[in-house]
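Written out below as structure tokens is the structure these notes cover.
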Amino acid sequence: MRATMAEAAPTMDRQRELAFERRMSDQEALMWSVEKDPWMNPNGAALTILDRPVDFDLMLAKIRFGLSRVSRLRERVVPGLGRLSPPVWATDPDFDLAYHVRRLSLPEPGSMRQLLDLVTRLYEEPYDRTRPLWMFYGIEGIQGGNGALFTKQHHALADGIGALRMAEVYTDLKRKPPRPPEVDLDQVFAEAARAEQGALLEAGADMSDSILDTATRTLGHNLRRQGGILTRAVGSVAGLLADPAKMSSGVTSAVDQIRSTLDTATGGRTINAGAPLWAKRSRRRHLEVLHVSLDDAKAAAKAMDGSVNDLFVAGAALGALAYHAERDTPVEAINMTFVVSTRTDKAMGGNSFTPVPLQVRGEGAQTVEERFREIRDLMAERRRGVSGRGAMSAIAGIANLLPTSVTTRFARQQAAKIDLATSNLRGAPFQTFVAGAKVLAGIPLGPVAGTAGNLTTISQNGSLDMGLLVDPAAITDPAGLRRNLDDAYRDLLAAGGIVA
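Okay, so the sequence shown: first residue is 1 according to the working numbering, each after it adds one.
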């Protein structure tokens, strides 16, 4: 996924308006639904390392102002009618700023390992699904007098690009920015609640409607949005309402339709079992961090006729293969994903992305440069196969009509095939600050969600900062994988003529 904060430079100190849909998209509703299986935690998060702790009073003032400008921060999820009506976003009548913005301190000695372990535990904590789906933590007590800000948001709230744009709420261009205007939050919330009543009725949140009316409106909405694929499946799913005896065969038919779509997008049953050492799964998480010079990555990728994203994904693949080679374990192929943004409106928040499968073969005595070019070409081929909003969006409308137990079981089965998910975000190419503190690094945490691990990078102010979030039941030596990744990126830079 490629996003940018560069165009936000003139607007960070005067937060720009973001537009959000009232009704969850099918893709967002699917992520909201599958989280009922805690193994499929779809959280996205970021750890920002600072040269000092944030000015907490200034931080609170900036977030209060942000709440008046970014509607999604003040909204909770209102469920729809069963599996028929997608959830909608509505102002939280009981919003509590102190619940969402917290101040923590590490115990001595305040090491980086302690910090990474703390934010991993915070990441694992489930959301209160009756409140807005985000949390901010200002963290103090770090060695050397540093500070940190940990932010997390549910993936139904925003993808990586949406999260970067929402980060403008607290991001500054100078250490001592103008203090934001005072905001009467009670008035903001009251006006928002009054203004959205009509929109909530239109979106189907009014439960006084009859089941038939709600079903008719929702199915009509889904048919308009999804077109052909849902038209083919609607007979299998919606028909269950009229004839419960067909439930088993109807669900099977819908699941087959989803599987067929995924097979077309991913190669389906041709995908091998993946990394043999990474087959186990658990709910636990472990975080590692690595950094690569952005200028070096650009120069090396250009020398090999590729992009920074090509180099990033190639390094992830080569590091995963090296992990297995060190342990004398043959690998037929590593099953990966990379993310393609489907966003067309820069003013839109929310989610606009599709994960794209990538299978990197394990055999071959190629040089590092030859491996890079092979992976680059494979990524280009897979990217050309993305149409419209991508496979995930195409299947979400069907999946949302199925029983949650069926959807979560199927989602876990699909995720278990993936060894390493990757995502690439473009942050600010200039120095930024957070509530009086200088940003030193930003570590993204992408969702593992049933895979063995996730490697996400953000390019900012001359550095590729990477967060490696893994399931330690699958990847039992996370620090070892981090070293393999470090070596892989060093080898790729050398292949491109850059010697560290």
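C-beta atoms are modelled at their ideal positions from N, C-alpha and C, and glycine is treated no differently.
Inset, instruction - Provide the residue(s) that pair with E140 in DSSP beta bridges, ordered along the chain. - result: DSSP lists S105 as the beta-bridge partner residues of E140.
Inset, instruction - Would you give the residue range spanned by the beta strand (DSSP E) that E75 belongs to? - result: E75 to V78
Inset, instruction - Could you tell me whether the Cβ atoms of K174 and N43 are closer together than 9 Å? - result: Not closer than 9 Å, so no.
Legend entry - Residue from V448, K298, R281 and S341 with nearest C-alpha to S463: K298
Inset, instruction - Could you tell me which residues DSSP puts in a beta bridge with E288? - result: L468
Legend entry - Limits of the unbroken beta strand (DSSP E) element including M31: The continuous stretches of beta strand (DSSP E) do not include M31, which lies in the alpha helix (DSSP H) extending over residues D26 to V34.
Inset, instruction - Could you have a look at P276 and say whether DSSP puts it in helix, strand or coil? - result: helix
Inset, instruction - Let me know if Q413 comes out buried or exposed under the rule of 16 or more other beta-carbons within 10 Å of its beta-carbon. - result: exposed
Inset, instruction - Please classify L492: is it buried, with 16 or more other beta-carbons within 10 angstroms of its beta-carbon, or exposed? - result: buried
Inset, instruction - Could you check if E35 is buried or exposed, using at least 16 other CB atoms within 10 Å of its CB as the buried criterion? - result: buried
Inset, instruction - Sort L104, E124 and Q197 by Cα distance to R23 and report the nearest one. - result: Q197
Inset, instruction - State the DSSP-derived secondary structure class of Q359, mapped to helix, strand or coil. - result: strand
Inset, instruction - Determine the DSSP secondary structure at I375, reduced to helix, strand or coil. - result: Annotated three-state conformation of I375 is helix, per DSSP.
Inset, instruction - Put I506 into one of helix, strand or coil per three-state DSSP. - result: Because the chain is modelled from 1 through 500, residue 506 falls outside the range shown and cannot be assessed.
Inset, instruction - Give the DSSP-derived three-state secondary structure of D296 in the structure shown. - result: In this structure, D296 counts as helix in the three-state DSSP scheme.
Legend entry - G385 versus V356 - alpha carbon distance: As the crow flies, the alpha-carbon of G385 is around 9 Å from that of V356.
Inset, instruction - Within 10 angstroms of the Cβ of G496, are there 16 or more other Cβ atoms? Answer buried if so, exposed if not. - result: buried
Inset, instruction - Determine the DSSP secondary structure at V448, reduced to helix, strand or coil. - result: coil
Legend entry - Boundaries (first-last residue) of the beta strand (DSSP E) holding V88: V88 to T91
Legend entry - Beta-carbon proximity of G467 to A416, cut-off 9 Å: no
Legend entry - Residues that D172 bridges to, as DSSP identifies them: F433
Legend entry - Contact set for S282: own chain, Cβ-Cβ below 6 Å, skip 5 residues either direction: D471 and A473
Inset, instruction - Just the C-alpha distance for D295 and L67, rounded to the nearest angstrom, thanks. - result: 36 Å
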